[in-house]
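These protein sequence lines map, in sequence, to chains A and R. Under the working numbering, the first residue of the first sequence is numbered 1, with each subsequent residue one higher. Under the working numbering, the first residue of the second sequence is numbered 786, with each subsequent residue one higher. Contents: one structure, followed by commentary.
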Amino acid sequence: MPATVWAQQATASLNGVVMAPDGETLPGVNVVLKELNKGTTTNIEGEFELSAVPEGLYSLLISCIGFKSHEQAVQLKAGQTLKLSLLLKEESYLINDVVVSGKSATRRIIEQAYQVASVSTKELFNSTADAKAVMNRIPGVRIQEEGGLGSDFSFTLNGFSGDQVKFFMDGIPMDNFGAMKLGDMPVNMIERIDVYKGVVPVWLGTDALGGAVNIVTNRKEKYLDASYSFRSFNTHRASVNGAYTNNKTGFTVRGNLFYNYSDNNYKVWARIVENNTVVDTAWVRRFHDRYRSASVKLESGYINKPFADNLLVGVMLSTNDKQVQHGATMNTVYGGIMRNSKSLVPTMKYNKKNLLTDGLDVSLFSAFNLSESQVIDTLSGVRYNWLGEKTILTSGDGQPSTDGEFYRTFTTLDEQELSSQLNLSYAISTKSSLALNYAFNHFHRKAFDTEHPDDVDNRFPKSLRKQVLGLALKFDPDRRWSTTVFGKMYHIKAKTSKEFDFALETQRIEEVLNTQLNFGYGLASTWFVVPELQLKLSYEHTSRMPTPEEIFGDGLFVGANPDLGPEQSHNFNLGAEYRFKLNNTHQFALGGSFIYRDAKDLIYTVVTVSSPKTYYDNLSKTRVMGFEGNFIYRWHEIAHVGANVTFQDITDRAKLVYNESYTGTGWQQNFHYGFRLPNKPYLFANFNAGLNFADITCPGSSLSFNYYLNFVEQYFLTWAELGSGNSKYVIPRQVSHDVELSYSWKKGKYNISGECSNLFDAKLYDKYYLQKPGRAFSIKLRYTI
Amino acid sequence: MKQLFKLRFLILILLFAGMSQVIISCSDEETGEDEYVGEDAFVLSLAYQGTDGNFTYYTVQFDDVMNGSLSAIGKGIDHLGYYTFNQVDNKIYATGGFELTDIIAMKKNTAGELEESGGVSSFSNSLNDVIKGEDGSLVAIEMSNSSDVVSLHRINPETVSVQDSKTTAVSNLTDLTGPSYSGMVQAGNYLFVSFYISDPATFATGYTDKAQLAVFTYPGLEFVKVIEDDRTGPIGGFGTSSGLIKDNSGNVYALSHSNPANGYSQFTKEAAILKINSGETTFDQSYLFDFNSVTGGKTTAHLVYLEGNKVFAEINMQDRSEQGAWSDSPLKPAILDLQAQTVKYIDDVPEHSGLGRKLAATSLYDNGYVYLVVPEDINSYVYRINTKDYSATKGAVVEANFTAGFFKL
């Protein structure tokens, strides 16, 4: 491996490049000559150089979090320049907030300088966690769930939530992935999850306001991973993931299949109503909350061919159905409302490095999503209480009412969406490169309600076409410094129906077009002050265009607002990461970042007068000032502890508000100017600790024990500054503990694990007192080759 | 003095809630052991609209509403969600909530602080209105324009729990879709409920050629009949619950406006007030308050009975053909005389936007004065209107999005 080159110095020097097994270069790797205690860190391209080294025999130690440390002897002679090419093997590691190292450093605009948290799921493959649960342990991330498996949730990143944060799977937008939801995806189909905070790289081609999440699925060429888990509340989750590649022909097939089922019949503390009177408050089992989902994702094509590095066509089939137990609070209980959806998504992926000319990389993704979803509320005059008892609403003459439980409906939404992403990158020189992204998205929705066939809102199909164009320039003035500047252009064209001249004789409904153009720009820079200390700074002025749901509504609870404009924000991050090792036995990583967000025209749900129906509008300004800190300590490969904490002060910055009640009194002073926004957690933390014993019973076996703690400080559902402090609108401080024990043998071929989540059976809520499951046990069996 | 004041106050608040009664037994209202015996204070239910889209209401006591500023910072009983407030006797009833269909009572404890009780009743839908029955019960109604039933409840004001309920098919009231609640009074042996037809999906009002009222027995709550009159259009409108008022002789008055500013997509009849004489269940054909001749074409969607023949109204100063849809503006306060058929505008109060809510709850008639919160530009102010000389004084600034209740306890 070493190749020697003669030079005319009295001392020797040593340089080289460090790569991962897949050939991608690794930045930020520590390279140390142990005897001299002299070292450096690899640059963005994975290169390092040590000069003025006295002649001698040394132990060269290469280490990086996430990879197995490597030590080798090097003999240096005076005047010699030794060139090394080094390989680091990936190491299974636990939830860390580590720098992503996935992208080819020399070829593409990489996200290195971005504020990004990347979580490898490898250590979690034996756990029953899903994509959602993994992300909930990342600093700055809060997932507010409404209940058990399959329940709705909101993902919050530094205070931004909903469509302000965009999701991708392998770079393909998941906006309208129809039936496949984050909570459905087992960890076994995921390789890692990257969370970009505030500043989003151009290559994702999106209009996120607060950041983006990219879920990277397993890209191994040959493997099989099958698992089944059983959990309390009659919850079953099964998944089969695998890939086969013929090394000679390059033909490859890969697939993921999973199935989830749960009755979600956990106990909740609820009030019992009989004959319009609250007769009791009691622990009762949920009785109408079954959730089922299944997905198949298949891809096939060729890899590593002269015409393509990857050429894959695939299809994704997903379906789910969900019983709806209650609305936005537990005050109303339903026993018949159902939701379901199914989707078919053909996909195509192509990428090639050095296409036509050296340094030109091309990738193209396309997906066409066909989905159908239904909301069904067709029971006649039925009212349920929390005991599951039903009464029929009848009039004085004994005739049953035909009212639905919430609103009588059988609405079918037919949606089609075409998403395409083209990425071109060109290495201008070893120090600079250029990247261009073009993303195209066309969405079309048709709704029909058999119970209200004349509903004007459904009369016209609705469509949205979105295009995002991004250009980025990356330059690395020296080995320790890398900077990317970028600009983005967003364009949407929405078509919908609108009512004109209401209340006049000329009242009519016409199709309307909504076209909007917006620009964004930003910069991301990173600097290695010393090999162990990395600084990151990033800024983006970003816009988030309204989504179809925000413009057009969801057909049940959410009304339309064709005048809705984009949300805009200035996002700023400043972060530092310090990593070091002591005696090769103690590994430390310590990181912290300051975040600042100044957002305006934020799209908020507006409650219309005396109706549970809502719509969206550009209402407000908010500011987020926050801090995130994380710490990891690892002793050999045996023990580790990690912790992270997030504090985010999200305040209302609008001096005036528009009173959107139907009377329209216009602009008013905002009486909560400067107050912290209610219903958003502002202080939360995670802690984990684990032990791992290898070869405990026989060679190739391992036993591991993990403990997780999740803490959320109490927060208010209403403005804390107003009123005399009523405890009924406070979500109390929440602490939950999860433990898991897993054993694997035959080098991970056979695995069995047991888990207990919410160990102390704490009452947990995220939203409006919607109770989450209490203590639950699960067991998971997993087989891999 | 206190006793006299209390009696007068009781009468006033009863009148105010649009449900005066001829015979008030003072002894019924005698203070119990846990009653507050100090001075009465103003109580305002202040609404704040959150950026997350939800309303929160804070019911706060104020000694003085004519000076300084009124806000809920650091004080008040909070209620999250959409609420309506009504005062009956010495309690304020809050109905609604974020997916709640409860009724909550607030009253002063012996220390003079507001405290909550109730929350023990839960209905199929939010209650549209709560009024006082002449027998001392509360009468509440659930009437949604997307439902095919109307439910009436008698509620015990002491325990705030349901005494009895009756449900009537909407098909008894009309063959049309979308009868919408607009007002309710109880007089003698009857309960009168006014409604208008509004499409549940579009809110379009395609039927504006006649006035309609449903008559129920009281206290039986049994449906009796629908009475109609084609001299004017439908009674009441969206959200204002002002379709029906009762004077202190037991006569019932029904208001028709068909205002585009209050949710009408068309109007086909002149605005008017009709009368049902005490004890009757038919419209008095000899009585018609003709807005055209009294106000020169102006109309009102808001009516609160004061005393004698006087009622307080917020007149929409635009002709119906010029009104902005759902705007409930521009409004000017006025005192109408139902007998003399006159209108006296309160010129000291500027034209302003309305709330589209029940004026009987959002204003207070106390000691010859009407208190009302009026939005001007970006701030709102209390105005105290002298009902004798029709003058008004500007008072405190109200630091809330709007005032959902103006009471005195």
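In this text, a Cβ means the ideal position worked out from N, Cα and C, and glycines have one as well.
- Beta-bridge partners of Pro1160(R) (DSSP): Ser1165(R).
- Checking the DSSP bridge columns, you'll see His737(A) partnered with Leu709(A).
- In this structure, Asn265(A) places its C-beta atom within 7 Å of the C-beta atom of Phe233(A).
- Each residue's CA atom was taken as its position, placing Val324(A) and Glu901(R) some 32 Å apart.
- Glu721(A) reaches chain R at Ile858, Gly859, counting residues in chain order whose Cβ is nearer than 8 Å.
- The secondary-structure analysis by DSSP pairs Arg579(A) across a beta bridge with Ala589(A).
- The Cβ atoms of Leu57(A) and Leu33(A) do not sit closer than 7 Å to each other.
- What His938(R) touches in chain A, judged by beta-carbon distance under 9 Å, is Asn276, going in chain order.
- In this structure, Asn247(A) sits away from Asp309(A), with a CB-CB distance that is not shorter than 7 Å.
- Sequence-distant Cβ neighbours of Ile1131(R) in its own chain, meaning closer than 6 Å and more than five residues away, are Pro1118, Ile1170, Tyr1175, Ala1177.
- Not a single CB atom of chain A sits nearer than 7 Å to the CB of Phe1097(R).
- Residues of chain R with a Cβ closer than 7 Å to the Cβ of Asn331(A) are, in chain order, Glu884, Leu885.
- Inter-segment contact for the segment 224-241 of chain A and the segment 268-275 of chain A is absent: fewer than three beta-carbon pairs are separated by less than 8 Å.
- Linking Leu855(R) to Gln846(R) through their CA atoms gives a straight-line distance of about 9 Å.
- When Cβ-Cβ separations below 7 Å define contact, Gly396(A) makes contact with chain R.
- Residue environment: Ala694(A) is assigned as exposed (fewer than 16 neighbouring CB atoms within 10 Å of its CB, all protein chains considered).
- A distance below 6 Å between beta-carbons, with the five flanking residues on each side excluded, links Phe1008(R) to the following residues of its chain, in chain order: Thr953, Asn957, Phe1001.
- No residue range can be given for Ala762(A), since it is assigned to no alpha helix (DSSP H) and is classified by DSSP as neither H nor E.
- Nearest to Thr394(A) by alpha-carbon distance, out of Asp933(R), Lys893(R), Gly866(R), Gly882(R), is Asp933(R).
- Taking a C-beta cut-off of 9 Å against chain R, the contacting residues of the segment 703-721 of chain A are Leu717, Thr718, Trp719, Glu721, listed in chain order.
- Within the segment 986-1010 of chain R, the residues whose Cβ lies closer than 8 Å to some Cβ of chain A are Ala986, Thr987, Ala989, Glu1007, Phe1008, listed in chain order.
- In chain order, Asn1094 place their CB closer than 7 Å to the CB of Gln1124(R), counting only its own chain and leaving out the 5 sequence neighbours on each side.
- Contact holds between the segment 707-722 of chain A and the segment 669-685 of chain A, because three or more Cβ pairs, one in each stretch, are under 8 Å apart.
- Segment contact: the segment 334-353 of chain A against the segment 369-388 of chain A, three or more CB-CB distances shorter than 8 Å; contact assigned.
- DSSP, read as helix, strand or coil, puts Trp1111(R) in coil.
- For Met135(A), the uninterrupted alpha helix (DSSP H) segment begins and ends at 131-135.
- By the Cβ criterion, the segment 1072-1087 of chain R is in contact with the segment 1045-1064 of chain R, since at least three pairs of Cβ atoms, one from each stretch, lie closer than 8 Å.
- The bridge partners DSSP lists for Cys756(A) are Val739(A), Phe777(A).
- Contact annotation: Gly470(A) and Lys488(A) have beta-carbon atoms nearer than 7 Å.
- The C-beta of Thr402(A) comes closer than 7 Å to at least one C-beta of chain R.
- Residues of the segment 665-686 of chain A with a C-beta atom less than 9 Å from some C-beta of chain R are Thr665, Gly666, Trp667, Gln668, Gln669, Asn670, Phe671, His672, Leu677, Pro678, Asn679, Lys680, listed in chain order.
- Between Lys197(A) and Gly140(A), the C-beta gap is smaller than 7 Å, which places the two residues in contact.
- Ranked by how close their Cα comes to the Cα of Ile172(A), the residues Pro27(A), Thr585(A), Leu418(A) have Leu418(A) in first place.
- A straight-line Cα-Cα distance of about 14 Å links Phe168(A) and Asn218(A).
- For Ala826(R), the closest Cβ of chain A is not nearer than 7 Å.
- In terms of beta-carbon proximity, Thr952(R) lines the interface with chain A, with at least one pair separated by less than 7 Å.
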